[in-house]
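Using numbering that gives the first Met the number 0, you'd call the opening residue of the sequence shown number 0 and step up by one each time.
Here a beta-carbon is modelled for each residue, glycine too, at the ideal position from N, C-alpha and C.
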Amino acid sequence: MLEAVSGLLIGHGTPGPSTVVAAARAFIEAHLDDSTLDVETVAASVGVSARHLGRLFAAQQGSVGRYVLEQRLRRASLDLRDPSMATFRISDISYRWGFASQAHFATSFKKRYGRSPSEFKADVLPP
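Structural data, given as structure tokens:
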């Protein structure tokens with residue numbers, strides 16, 4: 000018998016590591032806007048312990064928290080490049096992708112992309 004876990008079909012029993020990580024990634028993608036998203040919530044969504052999920056991610060992705068941060072930053076960078084989002088404030092974009100603090104967003108963004116969100120937006124979208 001098959002059941003759906005975060006949009007993936009798996010057989011009953013213990014799913015393989017790749018299946019669990021893929022299901023966790025799909026859950027994360029669907030919930031990036033939730034500032035309370037954490038490893039425990041993701042693990043519960045795919046039916047494993049947070050510790051086990053952490054081990055699986057470490058083998059394939061790094062860490063769950065790092066993956067969530069990278070996906071949030073990626074989505075925010077897409078919004079900052081999007082001309083249809085030009086009227087949105089940077090704080091709106093940061094909150095849209097689950098950053099509870101604009102300062103944390105700005106620091107993480109600059110560390111990842113080498114420019115502040117406002118510099119990034121100005122470089123991509125001329126005034």
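- Tyr112 and Ala25 have their C-alpha atoms roughly 24 Å apart.
- One thing to note: Val38 has its Cβ no nearer than 8 Å to the Cβ of Gly61.
- In this structure, Ile92 sits near Ala75, with a CB-CB distance shorter than 8 Å.
- The C-beta distance from Ala49 to Ala57 rounds to 12 Å, too long to meet the 8 Å contact threshold.
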